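Novice: Heads up, my numbering is the position in the sequence shown plus 35, with the first residue counted as 1.
Ideal Cβ placement from N, Cα and C applies to all residues, glycine included.
Note that the coordinates shown come from a computational prediction; the quantities given were computed from them, not determined experimentally.
Mind having a look at this structure? Questions to follow.
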Amino acid sequence: MRAEPVGGETSLAPQPRSAAIRRLAAAAGAQATRLGWPLVDQAIVSIGTFGLTVALARTLAPQEYGTFALLLGGLMILHMVTASLVFYPLSIRHAPAAAAEESGLLRASLALLAALALPAMAAIAVGLVLAGRADLVLPAWAYFALWQVQEVFRRALFARLRFAAAIPGDIVSYLGQVAAVLALAQAGRLSLATALLAMAATSGLAALRQAAAAGFLRRARAGRPLAAVARDFWDLGRWSLANNVLAIMRVQLLLWGLATFAGAATAAFLQAGLNLVNLMNPLVIGLCNIIPQTAALAHAGGKAAAWRAARPFALAGAPVAVLFFLVLVLVPELLLTLVYGAESPYRDLTLPVRLLAVWALTNYTTDMICSYFHGVEAARLALVVNATGAAATLAAAVPLVAGFGLAGACLALCLAGIARLALAQWMLGRLIAQDAAEPGRA
């Protein structure tokens, strides 16, 4: 920032320094606001998700809670498909779109979502029938469909950096599902089916609220040819698709493997440990929602300029992340007791929680870098990082799970997390160095 010119009488006056301080304070306030709203929104989402999983863990038997964890994992994989091929491209294209084109782009996105939903619904039905839980097919369909529709409007708001506008809908959806599940439990009517229906209802109400906030209810003044949008979204999202599926499969393969060889109840114990680590999701996902857009806006100045714009957000969350994971390592017994109760079977997960804390800390740094890769249209690098993580998880899990069970699964995640972090750091330095070496770069 250039200094105010001083001279004559003003050289003895404090105005220039005061003005500079005011400008710095204003810039800091603007930065805090940009960072604050996405973190508040993600806090609502994560608190609601955590509250739901804890309410179900406290109420359902381990076998039934394990079934919920496995089903939710399957739905998350399907969500990664729509997130990569619809939500991520929408966030990139919606941000620079003219106001007249917004509604048309949203309508095209919903049409693509409907096309992807058909095979997803078939996969849900086949999986549940093979698992002997045909009773959950309709509730799972309802929840998945309304959840995805809500995400279209939510991501459209994010693309415009309107995180505050998304908050009312997310309160309805994520905190509302906790209230509904607790009410069902109080009435003695809680089951996996009723829980899924409650989640579907709150997602549907939130979708209406966020559709209005995103301007979807206004008449479209400029449409988008669906075929052209589909090709564009595929070009943008195909690498993200492979990357996101690999990212989530690292954990899901362990859950499914434990369920296959030791029963759904064992998978429930791994999920119970992951629930504590996932308390950091408001910070991690909130930052991952703003880093790609921030990097994309600065990308015209080069890869280094984009990283300089994105890095302050990653560094801002680092102290909180380190403090949280230290608490998990030092006093896991206290947290397990507070969350699940003194008589809970999950109270003895001390060692797995410590191992998962180490894994999550490596993931924090790696996820910040991968978010930057997405912002500078280098999603292929994030794919390589996550493919390495998935391969390392599988290679380590086979002997470790056989020898140490649940603790071995957590240790396999730790080793894979270290491998991902080392590779991501190397690729980041290489990407920036190669870009700086190109002709025309300073």
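(1) Assuming A215 and T237 form a contact by the criterion Cβ under 8 Å, report the distance between their Cβ atoms to the nearest whole angstrom.
(2) So which of A437, G167 and T117 has the shortest CA-CA distance to A146?
(3) Under 6 Å Cβ to Cβ from F198, same chain only, skipping five residues before and after it: list those, please.
(4) Where L358 and M315 are concerned, what is the direct C-alpha to C-alpha distance, given to the nearest angstrom?
(5) Give me the Cβ distance between G292 and V436, rounded to the nearest whole Å; I'm assuming they're in contact under 8 Å.
(6) Where does the unbroken alpha helix (DSSP H) through I112 begin, and where does it stop?
(7) Report yes if the CB atom of P327 is closer than 7 Å to the CB atom of L232, and no otherwise.
(8) Skipping 5 residues on each side, what residues in its chain have a beta carbon closer than 8 Å to that of A155?
(9) Are the beta-carbon atoms of A331 and A344 separated by less than 7 Å?
(10) At what residue ranges does the stretch 299 to 367 contain a whole run of the alpha helix (DSSP H), taking only runs of 4 or more?
(11) Pop quiz: L171 and A228 are said to be a contact at Cβ under 8 Å. What is the actual Cβ separation, rounded to whole angstroms?
(12) Between R455 and V411, which are expected to be in contact by the criterion C-beta below 8 Å, what is the C-beta distance as a whole number of angstroms?
(13) Suppose you measure from the CA of A395 to the CA of V364; what does that come to, to the nearest Å?
(14) According to DSSP, is A218 helix, strand or coil?
(15) Which whole-angstrom value is the C-beta distance of Y209 and I79, which I expect to be below 8 Å?
(16) Can you confirm whether the stretch 396 to 405 touches the stretch 346 to 360 when touching is taken to mean that 3 or more C-beta pairs between the two stretches lie within less than 8 Å?
(17) Between which residues of its own chain and T401 is the CB-CB distance below 6 Å, once the five residues before and five after are set aside?
(18) What number of angstroms, rounded off, separates the C-alpha of V213 from the C-alpha of A392?
(19) Just mark G352 as buried or exposed, buried being the case when its beta carbon has 16 or more other beta carbons within 10 Å.
(20) When DSSP labels each residue in this structure, what does A157 get in the three-state scheme?
(21) Please go through the same chain and pick out, in chain order, the residues whose beta-carbon is closer than 6 Å to the beta-carbon of A480, but skip the five residues on each side of it.
(22) Hey, is G101 close to the ligand COA, as in C-beta under 6 Å from one of its heavy atoms?
(23) Could you give the C-beta distance for Y375 and A444, rounded to a whole number, given that I count them as a contact under 8 Å?
(24) Go through its chain and collect everything with a Cβ distance to R37's Cβ below 8 Å, but skip five positions before and after it.
(25) Out of A299, L371 and R128, point me to the one whose CA is closest to D267's CA.
(26) Would the beta-carbon of A451 fall within 7 Å of that of G424?
(27) Leaving out five residues on either side along the sequence, give the residues of the same chain with a beta carbon under 7 Å from the beta carbon of A90.
(28) Compute the Euclidean distance between the alpha carbons of V433 and F296, then round it to the nearest angstrom.
(29) Could you compute how far the alpha carbon of A413 sits from the alpha carbon of M111?
(30) Within the 7 Å Cβ cut-off, does P347 reach chain C?
(31) Put F296 into one of helix, strand or coil per three-state DSSP.
(32) So, helix, strand or coil for R197, using DSSP?
(33) Can you tell me which of the three DSSP states L384 falls into?
(34) How many whole angstroms separate the CB atoms of L311 and A248, which I take to be in contact at a CB cut-off of 8 Å?
(35) Please report the residue range of the alpha helix (DSSP H) in which P434 lies.
(36) Counting only the same chain and skipping the five closest in sequence on each side, list residues whose C-beta sits under 8 Å from that of T385.
Specialist: Reading off the structure:
(1) So it is a contact: roughly 6 Å between Cβ atoms.
(2) Residue nearest to A146 within the set A437, G167 and T117 is T117 (criterion: CA-CA distance).
(3) Non-local C-beta neighbours of F198 in its own chain, meaning closer than 6 Å and more than five positions away in sequence, comprise W72, P73 and D76, ordered along the chain.
(4) L358 and M315 have their alpha carbons spaced roughly 11 Å apart.
(5) Confirmed, about 7 Å.
(6) It spans P97 to T117 - the alpha helix (DSSP H) in which I112 sits, taken as one unbroken run.
(7) Result no, Cβ atoms of P327 and L232 do not sit closer than 7 Å.
(8) Exclusion of the five residues before and after A155 leaves L113, V116, T117 and F179 as the residues of its chain whose Cβ lies within less than 8 Å of its Cβ.
(9) Between A331 and A344, the CB-CB gap reaches or exceeds 7 Å.
(10) Listed in chain order, they are 299 to 312, 316 to 333 and 338 to 365.
(11) For L171 against A228, the beta-carbon gap comes to about 6 Å, under 8 Å, which counts as contact.
(12) Beta-carbon to beta-carbon, R455 and V411 are separated by about 19 Å, too far to satisfy the 8 Å threshold.
(13) Straight across, the Cα-Cα distance linking A395 with V364 is about 11 Å.
(14) Here A218 sits in helix by DSSP.
(15) Their Cβ separation, rounded to whole angstroms, is 6 Å, which keeps Y209 and I79 in contact under 8 Å.
(16) Look at the beta carbons and you see the stretch 346 to 360 touching the stretch 396 to 405: at least three pairs across the two are nearer than 8 Å.
(17) If we look at T401 and ignore the five residues flanking it on each side, its Cβ neighbours are R455, L456 and A459.
(18) Near 25 Å, if we compare the C-alpha coordinates of A392 and V213.
(19) Here G352 is buried: its Cβ has 16 or more other Cβ atoms, across all protein chains shown, within 10 Å.
(20) The answer is helix: DSSP assigns A157 an H, G or I state.
(21) Nothing can be reported for residue 480, as the shown portion of the chain is limited to 36 through 477.
(22) This structure does not include the ligand COA; it has no bound ligands of any sort.
(23) About 19 Å; that fails the 8 Å criterion.
(24) Model confidence at R37 stands at a pLDDT of 40, short of 50, so the residue's coordinates are unreliable and nothing is read from them.
(25) It is R128.
(26) Cβ distance < 7 Å, so A451 and G424 count as in contact.
(27) Residues of the same chain with a CB within less than 7 Å of the CB of A90, apart from the 5 flanking positions on each side, are V213, V216, L217 and A220 in chain order.
(28) Our two residues, V433 and F296, have alpha carbons roughly 12 Å apart in a direct line.
(29) Roughly 23 Å between the two C-alpha positions.
(30) The question asks about chain C, but that chain is absent: this structure has only one protein chain.
(31) Note: F296 maps to helix in three-state DSSP.
(32) Assignment of R197 by DSSP, reduced to helix, strand and coil, places it in the coil class.
(33) Note: L384 maps to coil in three-state DSSP.
(34) L311 to A248, Cβ: 33 Å. No contact.
(35) Per DSSP, the unbroken alpha helix (DSSP H) holding P434 starts and ends at A414 to F439.
(36) P367, E368 and L371.
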